[in-house]
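Some notes on the structure that comes next.
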Amino acid sequence: MCSGLEGFFVTSAPWGEKFGKFMMPHGIHVDALDRIWTTDVKLNRIVCLNPNSKQIILILGKSFKRKNERSQFCQPSDVLTIHDGKYLFVADGYCNSRIVMFDDSGNYMKEFTVNEQMTDGLKNVIIHGLSFIPDTYSICAVLRLNAKIVCFNIMNDSITFMYQFKRDIQLFAIAYTKIENKSGFYMIGMNNDDGIGYGYSLNLINKAIFAWDDIILNNPHDLIISNDKCFLYISSIGEMKNLQRLKLCKLGDTDTDPILANNSEYYVNILINFTIVFAVLFVLAPITYIFTLCFDKYKSKCQNSKVKSLFKSWRKCLQGKEYKKTDSDKLTLLNN
């Protein structure tokens with residue numbers, strides 16, 4: 000993440016006068032058709048708005064009804080569309096710990112549930128933010144209290160990716176990006192120890208993680224990447240309640256963001272790891288095996304021999320010779 004933070008304040012328009020009242024709006028998403036999708040964790044519903052005609056296009060869920068049903072939610076936290084709005088995903092995150100998939104008419108299709116096995120037995124699973132990886136058809140979510148990323152393939156429901164952060168942070172939002180052959184996630188979270196907000200970058204190729212230590216966020220809660228992939232926008236719900244814009248780094252900047260960095264170091268590490276594995280498997284392992292055979296075969300004699308004779312016995316053994324114990328308690332070489 001490059002330096003040069005630009006910040007500014009924004010105020011929301013009186014949406015209640017145009018579209019009906021919100022009680023606790025939480026997630027927001029603008030699809031490819033410029034329709035605005037919002038979640039309300041108090042009303043337990045999803046609303047799709049047309050900003051031009053000032054009309055409500057679609058409402059999912061019933062106000063004040065908290066249930067775990069196909070089209071009923073319990074404090075939905077985020078919403079996302081893909082394929083030009085053809086498919087809709089709702090993070091029914093605070094109570095039901097699931098991601099629900101709908102078509103563009105609001106018809107239920109399927110759901111993806113996060114269970115305790117995915118969180119190492121930890122309960123209180125809150126799916127807080129969503130993102131989508133087109134290459135693997137994966138819908139991804141950040142688990143707020145578990146500090147974990149989980150991705151599901153929307154075609155076969157399999158888990159395509161999981162990543163566990165250290166447990167002293169909370170994760171709020173996630174955004175996927177891909178530039179040329181470099182891909183990864185941008186995330187925002189909060190340190191449980193001091194309550195300070197931070198941003199994180201995760202390279203999906205080499206799993207390198209980078210914390211934005213030079214950028215302090217004021218209780219960040221959501222983020223999005225601009226369409227031209229030049230800027231990252233972060234909304235905060237702290238005392239300032241501001242919207243911050245961060246300029247993303249240029250490609251090849253290896254000292255800053257691992258997502259946009261050159262991956263030459265990654266391939267060097269692969270070569271080093273391969274060399275180490277080769278040496279262990281084809282050099283050290285055979286020597287250790289032969290050494291163990293010799294030691295087991297003559298350990299009783301080796302325990303009573305002098306050090307010099309012991310090394311001589313092992314050396315001869317490695318040369319393919321055999322020994323027998325004589326009455327004088329000496330090692331006599333056979334097949335001389």
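Numbering-wise (numbering that gives the first Met the number 0), the sequence shown opens with residue 0 and increments by one. Ideal placement from N, C-alpha and C gives every residue a C-beta, glycine not left out. Everything numeric in this text was worked out from a predicted model, so none of it was measured.
Distance between N190 and I204, taken at the CA atoms: about 26 Å.
In the DSSP assignment, P24 falls within the unbroken beta strand (DSSP E) covering 24-29. When the alpha-carbon of G92 is set against those of D103, T112, I58, the nearest one is in T112. For M117, the secondary structure class from DSSP, reduced to helix, strand or coil, is helix. Listed in chain order, the beta strand (DSSP E) runs fully inside the segment 142-201 are 147-152, 158-163, 168-178, 181-190, counting runs of at least 3 residues. The Cβ-Cβ distance between T38 and D77 falls below 8 Å. Residue pairing from DSSP places Y86 in a beta bridge opposite I81, D102.
Counting along the chain, S234 sits inside the beta strand (DSSP E) bounded by residues 230-235. At the C-beta level, L129 and A140 come within 8 Å of one another.
If you compare the alpha carbons of S104, Q163, I132, C229 with that of M117, the shortest gap goes to Q163. According to the DSSP assignment, L59 belongs to the beta strand (DSSP E) that extends over 54-59. The shortest C-alpha to C-alpha distance from V124 to any of I153, N155, L170 is the one to L170. Relative to I236, the option among E179, P219, C47, G84 whose CA is nearest is P219. Using a 10 angstroms sphere on the CB of M22, the tally of other CB atoms stays under 16, which defines it as exposed. F88 is positioned such that its CB atom lies closer than 8 Å to that of L79. Looking from the CA of F101, the closest CA among N202, E68, P133 belongs to E68. Residue pairing of E110 in beta bridges, as defined by DSSP: V99. Looking at the DSSP output, R65 bridges to nothing. For R65, the closest alpha carbon among the candidates P75, L57, I56 is that of P75. For the options P24, N152, Q54, the alpha carbon positioned closest to that of L42 is the one of P24. Under DSSP, D91 forms a beta bridge with R97. Following the DSSP letters along the chain, one finds A210 inside the beta strand (DSSP E) bounded by residues 208-210.
Put simply, of K122, L48, V29, T274 the residue whose alpha carbon is nearest the alpha carbon of L142 is K122.
Judged by DSSP in its simplified three-state form, D39 adopts strand.
Using a 10 angstroms sphere on the CB of V29, the tally of other CB atoms stays under 16, which defines it as exposed.
Here C150 is buried, its C-beta having at least 16 other C-beta atoms within 10 Å. Nearest to S234 by alpha-carbon distance, out of I35, L242, I58, is L242. The alpha-carbon of S200 is positioned some 12 Å away from that of L231. For the pair G105 and V99, the Cα-to-Cα distance works out to about 11 Å. The residue among S137, I45, S70, G194 with its C-alpha nearest the C-alpha of I58 is I45. In terms of CA proximity to A207, G183 leads the group L216, D119, G183. Among the bridge pairs identified by DSSP, N49 is matched with Q54. At a Cβ-Cβ threshold of 8 Å, G194 and M186 do not count as neighbours. In the three-state DSSP reduction, L32 falls in the coil class, being neither helix nor strand. Shown here, P219 sits in a strand according to DSSP, grouped into three states.
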